[in-house]
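Engineer:
Protein chains in written order, with our numbering: chain Z, 614 to 1289; chain V, 614 to 1289.
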């Protein structure tokens, strides 16, 4: 279908589709072979399945992350080339220095020396690889210290720096391109929306017509609020410079302004006074301190209990009784939650993520206390309680930023995790095909890793390394995680090298290289996100209002405007609902909110550089024919461009721009200014 | 003496002196105690000796590095607080989850669990600590993966990001402060140098008088060249804005311009033609490629020889014969060096660091070949040869930058190394006092680390961990390096915990924390340096001339100026030497060079922000009375400020500003411009 839709030429130019096609052909061939041979065989093509998954509509973020990894690969390869060169040099040197020593198993052959130094790159075998040589001559330490200083401390950091710079550049460039692209789109749209009679401004009807295509779900009211928010000159007609902000304004969600009165304001007096006192208590600053104190005492009690239990030497049993202190703490938390809910109102209480967390943990604790009297499986809930102490860190601005940054990053962290899982899946399938038929128990006799796989009744401490195998997807995943953490990864590698063949090392070495690249990008991504955030904070320092302004807009509608917004017959009850407010205040106030995203921060961060980028966009625009020219001298010609879709043209043409003009008294003044 | 010189008040305000005083008092007390008791005892104050070393005049860079580490400590401590909190939570949870399993030695008590998870933070015990729990339930892997994901991949990176941002800010702020400070110093100096008759400009004689104090070694000629380089308006008098560049210009070293003619230009013709051919051959681009090809073949031959030797299974012996291929390669390298030296001239050849390296390695190789025929100890020189292949990486711009950045960073890398050595010394002394009396051979029976310390004839592979001790400063240093690399560090810690007491763990844990802070700063420093360099390259992209301009200035002197510069009787032979050049070209050309330092790059990098910073300096200047006002309207009053030192005033007053005026024909024109 895709081939049919795109045509053969375009299809072949679309890399992703070609990759999918090739994978599909390979899989078909394999399926045919399986059917013909009627035998199970080495099936690695299953590892390619994630390609189809990644191509889905919902994994755009994952594709973006993969693209960034691929873009970071060339500079990483350059650094890797240097690394391998140094590795070879040191292997040669190490072979001549240490192989005469028969007691040294790490440099017995050239290949063995290479593997030892490759593992040493990850520090996984560090003092061990040095010890036999060190026992012979103390000066051999210099060889290993030099190697580690060059490869680990210098080149690895250089690699991180390279990835970090490439990553920051890609981020900035992406933002710049998007910005220029949006600016151009605005110019195109603007020239389609202006009429012959008003070639430099667009009226509300045309604007709403655009929104019908761009955001079909936008209500009449929201469209008007957006229009008014955009129209800072209050002329009733949007100029091009005002229209440029349309992408910004589309991110806002609108609702009626809620005065900060408490929810119980309408209650009869004795009850209201009571709630009012609760509210004051809850908002009192010492109230929170008291709760924190209780949590700290709870945590300390838990800690002391655990240490006493631990030092008593008795084995921990699961049939712990419900003690009175446990009940006391849970009651305090429950009372706190009830007070806060009644004092602040449910909507306000659950607005804060921390309160939601508190509420869930409290409910679980109560359930746990009840369950504990019958069964003890719910006991672990008490552990969750001290996690609330993390709230203490909110007091420091740095940690507030960390939490906020985390929230902003969530979608991208998810993408990173999906990429890691896909990489794991790919290697797990190959690992299962290659290694799942081997039993590692008591393997590798007479190798350096023999002791790790030993399993009999004589050994005191079993190392259980035979559990790190590739029996199924879950266990293979855990094994690959151990390889990712890198420590002692060579024991798993050596084990399989001894059981299968020397060449199986390639699998483990390759996995290390791939994960190094992926993890470098992940680390660079976290570094970049936090350094960006901290630099942003320095930019807006002491300018908190401007920061707040980015995510909140307030618009007031007069009675006439309300009637215009709710003009259809169905809206009459809504209008009646606001009649009281209109009577007393003359206006209805709406507020627009949007979430603080990275793009918003970037807009503020690069505000010095943005005009330069946009100038570029405008200049390019001037060169290509048929685009609106931003310079007023030639602006008259813009109106002559016709809209290509007939249905759209009709919608826009039939709206009388004069209607809106009567509504807004400023309009006549503004058009006069434009004419002069 | 310092106390006498500074006075008691100032002395106490100077932190470094107070620290030294306290250390000194402690040492004196200890010395008295030792003399009185007449017994050796626990002497940790020796660990404090580096304090006196660091306070020396030559270790300013080390003090700066230490200051940066101390400045990074507060944010690091905050992150560490979160880390320890999470550690305690997971320890409690781990204790309840895993202590019922008697087979699990890692969580048997609360303390044991804490130590296990602390070590897990460094990944040093990774799969091992999980295996007993993993053998019981596969789901326990979730506990460890969660812990590592949070602590290792998230919080550790956050820490690096925090240190990195703090570090970058400190760097930028230091540069800004220095710049503003220098600007103010320039303003002060300028107002001391102007005279009543010329209140807005300073003549050469006054400028030279300043240099006599600022750089007493500056020659008359260099002073004049600097003056002429500063005086861009060529008016013969320096304005304030021209004078601002004095710090820049003082960094230049001056010498007569050497025309790019080869050194053999004066030779008689048949010889000259011969050298000219050699020069063309050496500068021919394929010549270098040929040499690279030889090096690659040499490296491959070495590699193949090594692999053949390795796979032959024969033990490597040191009595290798001199083979013909070795002689061939060494002869090729020697011929190359001789050709290059004769073609380019010695000064030009040794100008490049790579050529110096080539030369030394070639000399060593020749010596090695000769020595090998008698003894084989010089054989390792051949290994150095392939390192020349690193030159291949010069072809990529990225690596050229890496090398250049390394050169710029050298003094600061030295400071970092000194700081690390001092930290090692401190901990090594304490470690020697605490642990040197224990013999670790066959220690720790019935602990998890028993096998690592075992040493008898029955074991096949000895682990030699008993060599990682604190017997002397050198061995203690190697042991501490192993603790720095972190892998398997817990084996050393557990060994001493078993031999001495549980509390000795504090020493190892503290060392890890200190090294983590130091290494974070070192890593942040390397990251910062390279990202700065890469961003700088993007700033000057395609602007190579401007970059070059920063480090090279060309000044021409006429005959009159030469006579002025070499006016004393002793200089007559020098003047005669240039007579020929003056005759033919009319001028003598001088060139100024300076090394590319970080400050120069910073000036270019922050060129958008510098005017803002300097504006601040100028504004502050205006407020304080008695300073030159940069605004021309009130500039007339500047001349009234008198110089306080009488001797200096005399020197400056007796120079007739008119003398210089006659020398430079532009002066009259310029003063006219100034008057209008």
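Quick reminder that beta carbons are idealized off the backbone N, C-alpha and C, glycines included.
Just the chain V side, please: which residues come within less than 9 Å of residue 1033/Z by C-beta, in chain order?
Structural biologist: The premise fails here: residue 1033/Z is roughly 10 Å from chain V at the closest Cβ pair, so nothing lies under 9 Å.
Engineer: Going by beta-carbon coordinates alone, are residue 1146/V and residue 975/V separated by less than 8 Å?
Structural biologist: Going by C-beta atoms, residue 1146/V is not nearer than 8 Å to residue 975/V.
Engineer: With distances taken Cα to Cα, identify the nearest neighbour of residue 1021/Z among 707/Z, 1070/Z, 1139/Z.
Structural biologist: The shortest C-alpha separation from residue 1021/Z is found at 1139/Z.
Engineer: Which runs of the alpha helix (DSSP H) at least 4 residues long sit entirely within the stretch 818 to 856 of chain Z? Give them in chain order.
Structural biologist: Runs found: 833 to 843, 853 to 856.
Engineer: Contact criterion: CB-CB distance below 8 Å. Does residue 1053/V meet it with respect to chain B?
Structural biologist: Of the protein chains in this structure, namely Z and V, none is chain B.
Engineer: Using 8 Å as the threshold, is the stretch 714 to 726 of chain Z in touch with the stretch 914 to 924 of chain V, meaning 3 or more CB pairs across them?
Structural biologist: Yes, they touch.
Engineer: Does the structure place the stretch 875 to 892 of chain Z close enough to the stretch 949 to 968 of chain Z that three or more beta carbon pairs sit under 8 Å?
Structural biologist: Yes, the stretch 949 to 968 of chain Z is in contact with the stretch 875 to 892 of chain Z.
Engineer: If we call anything under 8 Å between Cβ atoms a contact, is residue 1131/V one with residue 776/V?
Structural biologist: No, the Cβ-Cβ distance between residue 1131/V and residue 776/V is not below 8 Å.
Engineer: Any idea what DSSP makes of residue 1239/V, helix, strand or coil?
Structural biologist: Any reading at residue 1239/V needs caution, since the residue's pLDDT is 45, under 50, leaving its predicted position unreliable; the model's value is listed next. Residue 1239/V: coil per DSSP, three-state reduction.
Engineer: Please report the distance separating the alpha-carbon of residue 1240/V from that of residue 1225/V.
Structural biologist: Confidence in residue 1240/V is poor, its pLDDT being 45 and thus under 50, which makes the residue's placement unreliable; the coordinate value appears in the next sentence. So the two alpha carbons sit approximately 20 Å from each other.
Engineer: Compute the Euclidean distance between the alpha carbons of residue 1016/V and residue 1080/Z, then round it to the nearest angstrom.
Structural biologist: The alpha-carbon atoms of residue 1016/V and residue 1080/Z are separated by roughly 46 Å.
Engineer: Beta-carbon of residue 681/V versus every beta-carbon of chain Z: anything under 8 Å?
Structural biologist: Taking Cβ atoms only, chain Z never reaches closer than 8 Å to residue 681/V, which makes this a no.
Engineer: Hey, does residue 585/Z have any beta-carbon neighbour from chain V nearer than 8 Å?
Structural biologist: An answer regarding residue 585/Z cannot be provided, because it is not within the stretch 614 to 1289 covered by chain Z.
Engineer: Using a Cβ-Cβ cut-off of 6 Å (strictly less than) and excluding sequence neighbours within five positions of residue 743/Z, which residues of its own chain qualify?
Structural biologist: Same-chain partners within the cutoff: 757.
Engineer: Using only the alpha-carbon positions, how far apart do residue 1053/V and residue 773/Z sit?
Structural biologist: Answer to the nearest angstrom: the Cα atoms are 39 Å apart.
Engineer: Can you pull the chain Z residues whose beta carbon is under 7 Å from the beta carbon of residue 1224/V, in chain order?
Structural biologist: Near residue 1224/V there are no residues of chain Z at all, since even the closest Cβ is about 13 Å away, more than 7 Å.
Engineer: Going straight from the alpha carbon of residue 614/V to that of residue 1108/V, what length do you get?
Structural biologist: When rounded, the distance between both Cα atoms is 48 Å.
Engineer: Is there contact here, the stretch 1091 to 1100 of chain V with the stretch 1035 to 1049 of chain V, by at least three beta-carbon pairs under 8 Å?
Structural biologist: Contact between the stretch 1091 to 1100 of chain V and the stretch 1035 to 1049 of chain V is present, because at least three Cβ pairs lie under 8 Å.
Engineer: Classify residue 1204/V as helix, strand or coil using the three-state DSSP reduction.
Structural biologist: Residue 1204/V falls in the strand class under three-state DSSP.
Engineer: Between which residues of its own chain and residue 1103/Z is the CB-CB distance below 6 Å, once the five residues before and five after are set aside?
Structural biologist: Hits under 6 Å: 732, 737, 738.
Engineer: Hey, would you say residue 880/V sits closer than 8 Å to residue 888/V, going by beta carbons?
Structural biologist: Yes, they are a contact pair.
Engineer: Using CA coordinates, which residue listed in 1100/Z, 843/Z, 1168/Z, 841/Z is at the minimum distance from residue 735/Z?
Structural biologist: Of the listed residues, the one whose Cα sits closest to residue 735/Z is 1100/Z.
Engineer: Starting from the C-beta of residue 1206/Z, find all residues in its chain whose C-beta is less than 7 Å away, skip the five residues before and the five after it, and write them out in chain order.
Structural biologist: The residues are 865, 866, 1164, 1165.
Engineer: So, does the CB of residue 758/Z fall closer than 8 Å to a CB anywhere in chain V?
Structural biologist: For residue 758/Z, the answer is yes, since a Cβ of chain V falls inside 8 Å of its Cβ.
Engineer: For a contact defined as C-beta to C-beta under 7 Å, what are the partners of residue 1095/V on chain Z?
Structural biologist: Residues of chain Z passing the Cβ test: 739, 740.
Engineer: Strictly under 8 Å for the Cβ-Cβ distance: is residue 628/V near chain Z by that measure?
Structural biologist: No, no contact with chain Z.
Engineer: Please determine, among 1120/Z, 966/Z, 971/Z, 1136/Z, the residue with the shortest C-alpha to C-alpha distance to residue 948/Z.
Structural biologist: Cα-wise, what sits closest to residue 948/Z is 971/Z.
Engineer: Identify each residue in the stretch 1013 to 1031 of chain Z for which the Cβ-Cβ distance to at least one residue of chain V is less than 8 Å, and report them in chain order.
Structural biologist: Of all residues in the stretch 1013 to 1031 of chain Z, 1015 have a Cβ within less than 8 Å of some Cβ in chain V.
Engineer: By Cβ distance, which residues of its chain are closer than 8 Å to residue 1111/V, with the 5 residues on each side in sequence left out?
Structural biologist: Once the five neighbours on either side are set aside, the close Cβ partners of residue 1111/V are 1056, 1057, 1060, 1062.
Engineer: Considering only C-alpha positions, which residue in the set 785/V, 1167/V, 768/V is nearest to residue 1143/Z?
Structural biologist: Checking every option, the nearest Cα to that of residue 1143/Z belongs to 768/V.
Engineer: State the Cα-Cα distance for the pair residue 714/Z and residue 746/Z, rounded to the nearest angstrom.
Structural biologist: The alpha-carbon atoms of residue 714/Z and residue 746/Z are separated by roughly 8 Å.
Engineer: Span of the beta strand (DSSP E) holding residue 768/V?
Structural biologist: Element bounds for residue 768/V: n/a, residue is neither H nor E.
Engineer: Spell out whether any CB of chain Z is found under 8 Å from the CB atom of residue 777/V.
Structural biologist: Chain Z contact via Cβ: present.
Engineer: For a contact meaning CB atoms closer than 9 Å, what does residue 770/Z contact in chain V?
Structural biologist: What residue 770/Z touches in chain V: 1135, 1136, 1139, 1140, 1143.
Engineer: Run through chain Z and tell me which residues come within less than 7 Å of residue 1081/V, C-beta to C-beta.
Structural biologist: The answer, in chain order, is 740.
Engineer: In angstroms with no decimal places, state the Cα-to-Cα distance between residue 1090/V and residue 1041/V.
Structural biologist: Their Cα atoms are separated by approximately 6 Å.
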